[in-house]
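**Q** Read left to right, the sequence shown gives residues 1 to 309 (full-length UniProt numbering).
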Amino acid sequence: LSTSLNRNIARDFAEPAKYLSDETSVIFSMNIDSHNCKCPFIVVGNLGFYQTLEQEVLFSMGTVFLIENVKKTSTDQWEVQLTLTDNTVDNLAHYTAKVRKQIHSSHLLISLVKLMDEMGQYKMIDVFADIFAEDDIIHQHPERLAEMQHAMGTAYLSAGNKNKALEFLENSLTTYLKFVPADYSSPSPTYNNIGSVYLSKKNHKKALEYQQKALDCQLKASDPNLNSIATYSMNMGTIHESLGQYNEALVHLQRSLQLQKQYLGEDDPALSLTYDVIARICYEKQEFERAGMPRLEMRKIFPWIAFVF
């Protein structure tokens, strides 16, 4: 992160954006306590081509700021006031570890696509697709190729481009099926996401077909993932519900609930969603007494949550 000690220089860099319809002019004003900073920074104003003209300060990767205030200046620019934080803050460390785990992959480009998807910033998605198309190294490794195709398809799905999503996800599945054994679980997320694309297209039959394949892939795997099985069961249950197939929906949702209890524990708040869907389906079936049971169970476990029934 490169900055300047001179506000006028920062303003000069931000000024042109005021006249662009698709950009916003923003100045970041940073408050630094050098006695409480574990991320190193250095004043490099006497180095480089411009030397003292820019009075540049260079911050290291991983530097994190808290947003203290946002205001609009008299010159029609936005100013965001930031304060450097101690990067050992527990919540920040937890979130960083979570994101790092989510975007971890076998190739930097795949991690960048996953990070873009995590941030919901899709302006560069077509650029990443072009870079991927020209990257011979990724295409030479089937495992890496399938992973990249899946990441691109997932990102396009999140961005709302269903056709591109389906194209990449189907290519990913084709690549996976060329090298994975029958008892391997790797293709299951791709089956699941293809099902999600078809669901977004209102093709419930194809959505159920691929969700079932995702579920079967995990059930037959030598290392089944309980979380994935519960998720796919939940997905199938909600699709059956939308089709009015309540008995089939309850079978899948009850399986999902039992698995969630195993890996989350019986008092995890995440269970409340599954309980609620089960109760809703029982209500739709006009089984009112049965519909009340999941909500009573929720009230016992989560007394602080308010329910309307």
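Where a beta carbon is used, it is the ideal one built from N, C-alpha and C, also for glycine. Please read all numbers here as calculations on a predicted model, not as lab measurements.
(1) Out of E23, S256, P189 and T75, which has the shortest C-alpha to C-alpha gap to H150?
(2) Does E68 come out as helix, strand or coil in the three-state DSSP assignment?
(3) Just the Cα atoms here: how many angstroms apart are A249 and N163?
(4) Can you tell me whether L169 is helix, strand or coil according to DSSP?
(5) Candidates V26, L215 and T154: which alpha carbon is nearest T75's?
(6) To the nearest angstrom, how far is the alpha carbon of Q245 from that of T24?
(7) List the DSSP bridge partners of T3.
(8) Note the first and the last residue of the continuous alpha helix (DSSP H) segment covering I137.
(9) Of the choices H204, L84, L109 and K114, whose alpha-carbon is the least far from that of K98?
(10) Please state if the CB of C217 and the CB of Y198 are separated by a distance shorter than 8 Å.
(11) With a threshold of 7 Å (Cβ to nearest heavy atom), would I42 be considered close to the ligand SAM?
(12) Throw me the rounded Cβ distance for the L66 and T83 pair, which I believe falls under 8 Å.
(13) By Cβ distance below 7 Å, which residues in the same chain neighbour T175 in space, the five residues on each side in sequence not counted?
(14) Quick check on N235: buried or exposed, where buried means 16 or more other Cβ atoms within 10 Å of its Cβ?
(15) Residues in its own chain within less than 8 Å of N274 by CB, not counting five upstream and five downstream?
(16) Could you give the first and the last residue of the continuous alpha helix (DSSP H) run that contains L20?
(17) Please classify I42 as buried or exposed, where buried requires at least 16 other C-beta atoms within 10 Å of its C-beta.
(18) Give the DSSP-derived three-state secondary structure of I32 in the structure shown.
(19) Helix, strand or coil: how does DSSP classify V26 here?
(20) Is the CB-CB distance between Y232 and Q211 below 8 Å?
(21) Rounded to whole angstroms, what is the Cα-Cα separation between S111 and V180?
(22) Taking 7 Å as the limit between beta carbons, can you name the residues of its chain near K101, skipping five residues before and five after?
(23) Distance check for S29 and N6, CA to CA, integer angstroms please.
(24) Where do the ends of the beta strand (DSSP E) carrying T83 lie?
(25) With a threshold of 16 other CB atoms inside 10 Å of the CB of F132, please say whether the residue is buried or exposed.
(26) Give me the Cα-Cα distance between T3 and R11, rounded to the nearest whole angstrom.
(27) Does the separation of the CB atoms of K220 and D183 fall below 8 Å?
(28) How would you write the range of the beta strand (DSSP E) that V43 sits in, first residue to last?
(29) Can you give the Cα-Cα distance for K205 and T73, rounded to whole angstroms?
**A** A quick look at the data gives this:
(1) Checked all of E23, S256, P189 and T75; the closest Cα to H150 is P189.
(2) For E68, the secondary structure class from DSSP, reduced to helix, strand or coil, is strand.
(3) Between the alpha carbons of A249 and N163 lies a distance of about 28 Å.
(4) In the displayed model, L169 falls within a helix according to three-state DSSP.
(5) Answer by Cα proximity: V26.
(6) Computed Cα separation, rounded: 50 Å.
(7) Answer by DSSP bridge pairing, in chain order: V57.
(8) Residues D136 to H139.
(9) Nearest option by C-alpha distance: K114.
(10) No, these two residues do not count as a Cβ contact at 8 Å.
(11) In the structure shown, the ligand SAM is absent, as is every other ligand, since no ligand is present at all.
(12) About 5 Å separates the beta carbon of L66 from that of T83, a gap short enough to meet the 8 Å contact definition.
(13) Leaving aside the five residues that flank T175 on each side, the residues in its chain whose CB is nearer than 7 Å to its CB run, in chain order, P142, L145, A146 and Q149.
(14) Per the 10 Å Cβ criterion, buried.
(15) It should be noted that the sequence gives Thr, not Asn, for residue 274. Here T274 has M234, L253, S256, L257 and Q260 as same chain residues with Cβ atoms under 8 Å from its own Cβ, once five neighbours each way along the sequence are excluded.
(16) First-last for L20: undefined, no H or E at that position.
(17) Flag for I42 reads exposed.
(18) The answer is coil: DSSP assigns I32 none of H, G, I, E or B.
(19) Judged by DSSP in its simplified three-state form, V26 adopts strand.
(20) Their beta carbons are under 8 Å apart, which means Y232 touches Q211 by this criterion.
(21) Rounded to the nearest whole angstrom, the C-alpha separation of S111 and V180 is 22 Å.
(22) Exclusion of the five residues before and after K101 leaves no residue of its chain whose Cβ lies closer than 7 Å to its Cβ.
(23) Pairing N6 with S29, the inter-Cα distance amounts to about 11 Å.
(24) Note, T83: beta strand (DSSP E), W78 to L84.
(25) When all chains shown are included, F132 counts as buried.
(26) In this model, T3 and R11 are separated by some 11 Å (Cα to Cα).
(27) Result yes, Cβ atoms of K220 and D183 sit closer than 8 Å.
(28) For V43, the enclosing beta strand (DSSP E) begins and ends at F41 to V43.
(29) In a straight line, the C-alpha of K205 is about 55 Å away from that of T73.
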